[in-house]
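This report refers to the structure that appears directly beneath it.
This is the structure in structure tokens:
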């Protein structure tokens with residue numbers, strides 16, 4: 192769901208964002224249980240969040256990459272790619288978080304100090320992805336055009352930082368037969384061979400009760416990386 196339907200409850204908050212088409216779109220703001228249940232009742236199970244807060248929608252709160260396996264690339268190559276991207280980010284002083292997409296790949300996020308505009312964040316992500324493509328072309332690619340993308344590679348999708356793009360949010364249940372969930376994992380789990388199918392609607396709640404919310408640093412005020420110093 193992007194455009195909030197009408198009629199809708201008076202208590203449901205919305206965020207109005209001007210689309211490049213010139214249309215003003217009122218996005219629902221899911222900030223409490225009632226709002227979440229309302230959108231779920233409309234059939235919106237897989238939630239995708241905007242990359243910035245409503246008070247300044249053009250200044251992202253994070254940098255992120257979608258690691259998407261192409262035809263012939265197994266999930267073991269996705270894990271290998273994730274470790275390479277992680278190393279590159281850590282070399283720059285960042286502390287990336289990782290979660291399963293719940294579908295085919297992994298999502299890497301870096302919480303950043305709000306300041307750089309979306310286009311600058313996207314430009315940084317593109318430069319990094321292209322450099323990793325140059326260094327590890329037998330494993331991964333930054334080629335966005337499907338027709339030009341080599342087979343058997345993992346796409347380091349920097350374009351998810353482009354204007355208006357969104358990814359499946361953390362803990363979203365995905366439209367899969369086994370009801371897999373986009374779930375935060377530790378880097379130790381990635382190295383040990385974590386699989387998408389390990390995390391489902393029936394077992395993720397118990398995991399959260401045991402480990403806590405591994406995604407909590409993404410929302411914390413402290414520990415955010417000052418990306419502006421690299422731009």
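Numbering (my numbering), first residue to last: 192 to 422.
Backbone N, C-alpha and C fix where the C-beta goes; we use that ideal spot for every residue, glycine too.
A quick note: this is a predicted structure, and the numbers were derived from the prediction, not measured.
Between the C-alpha atoms of residue 375 and residue 200 there is a straight-line separation of about 32 Å.
The way I'd put it, the stretch 267–274 doesn't touch the stretch 357–374; fewer than three beta-carbon pairs between them come closer than 8 Å.
Residue 224: not part of any beta strand (DSSP E); member of the alpha helix (DSSP H) spanning 224–232, first to last residue.
Note on residue 313: 16 or more other CB atoms within 10 angstroms of its CB, so buried under the neighbour-count rule. In the DSSP assignment, the residues bridged to residue 372 are 364.
With a cutoff of 8 Å on beta-carbon distance, residue 253 and residue 208 are scored as not near each other. A distance below 8 Å between beta-carbons, with the five flanking residues on each side excluded, links residue 263 to the following residues of its chain, in chain order: 342 and 343.
Less than 8 Å divides the Cβ of residue 194 from the Cβ of residue 216.
Here the stretch 286–299 lies against the stretch 367–386, with 3 or more beta-carbon pairs under 8 Å apart. Here residue 407 carries a helix assignment [DSSP, helix/strand/coil]. When C-alpha distances from residue 321 are compared across 359, 300 and 279, the shortest belongs to 279. Taking the Cα of residue 377 as reference, the smallest distance to any Cα among 232, 228 and 408 is reached at 408. Burial check for residue 352: the Cβ neighbour count within 10 Å reaches 16 or more, so the residue is buried.
The DSSP-derived three-state label of residue 303 is strand.
Using a Cβ distance threshold of 8 Å, residue 309 and residue 354 count as a contacting pair. For residue 326, the three-state secondary structure derived from DSSP is helix. Just so you know, the alpha carbons of residue 197 and residue 327 end up roughly 49 Å apart. For residue 245, the secondary structure class from DSSP, reduced to helix, strand or coil, is helix.
When the beta-carbon positions are compared, residue 261 and residue 346 come within less than 8 Å of each other.
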